[in-house]
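This report refers to the structure that appears directly beneath it.
Numbering (our numbering), first residue to last: 286 to 506.
Here you go:
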């Protein structure tokens, strides 16, 4: 088994779909339908990740996330029925590691879960990434393209490292600001766009980081 996932979702159709796909992907799933149940079950099982719906009866997902963060650093992926910035911002502020807007494909859910695991599990943290002929080495802080060294600023390096660690997953500008610049960074998402443009120019691989209008960016080979 790949580990235990605590699924907190009150919609039967969504819960059945997600549970079935996660089980087929090798996970053990504990499915509850309320925040109060979630707080009980997270203490009873060796949970590897919590997939948490925001719109729950009783305690909403934000309250559940706050309560969990008071006791544990278990990774939390929040589900929201509305693609609205306030929900995303609040979710990240209360301690969520990522969010996903309904409707979503179970395949994207698992891809985002794996991306979170790569960021949060030290024993699985890779120090060297390769995407096509672009190679990034964290230990030596080197980046090469087709064997040629490329000079990047510190923020460009961290941005590229985040993209490569999450290759194949669309990441939003807000999430990039949070992970690369930090939540307290006063600049707007335009900062992300400028740095992405600089990366494309310096790497000479404009198709390595693709733009998804209204959603963010994705690194691809």
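Think of the CB as a built atom: it goes at the ideal place given N, C-alpha and C, for glycine as much as any other residue.
Residue 363 sits close to residue 381, with the two beta carbons spaced by under 8 Å.
According to the DSSP secondary-structure assignment, residue 316 is paired through a beta bridge with 292. Contact between the segment 434 to 444 and the segment 481 to 498 is present, with at least three C-beta pairs closer than 8 Å. Under DSSP, residue 476 forms no beta bridge with any residue. Residue 344 is bridged by DSSP to nothing; it lacks a bridge partner. Going by DSSP, residue 492 is part of no alpha helix (DSSP H) at all; its letter is neither H nor E. Around the C-beta of residue 347, 16 or more other C-beta atoms lie within 10 Å, and the residue is accordingly described as buried. Collapsing the DSSP output to three states places residue 338 in a strand. Restricting attention to 328, 390, 440, 483, the CA atom closest to the CA of residue 464 is found in 440.
According to DSSP, residue pairing for residue 434 in a beta bridge involves 429. Boundaries of the alpha helix (DSSP H) around residue 396: 391 to 405. The shortest CA-to-CA distance from residue 383 to any of 461, 412, 306 is the one to 461.
Following the DSSP letters along the chain, one finds residue 413 in no alpha helix (DSSP H) but inside the beta strand (DSSP E) bounded by residues 413 to 416. Of the candidates 416, 329, 318, the residue whose Cα lies closest to the Cα of residue 503 is 416. Taking the Cα positions, residue 376 is about 17 Å away from residue 291.
Boundaries of the beta strand (DSSP E) around residue 364: 361 to 365.
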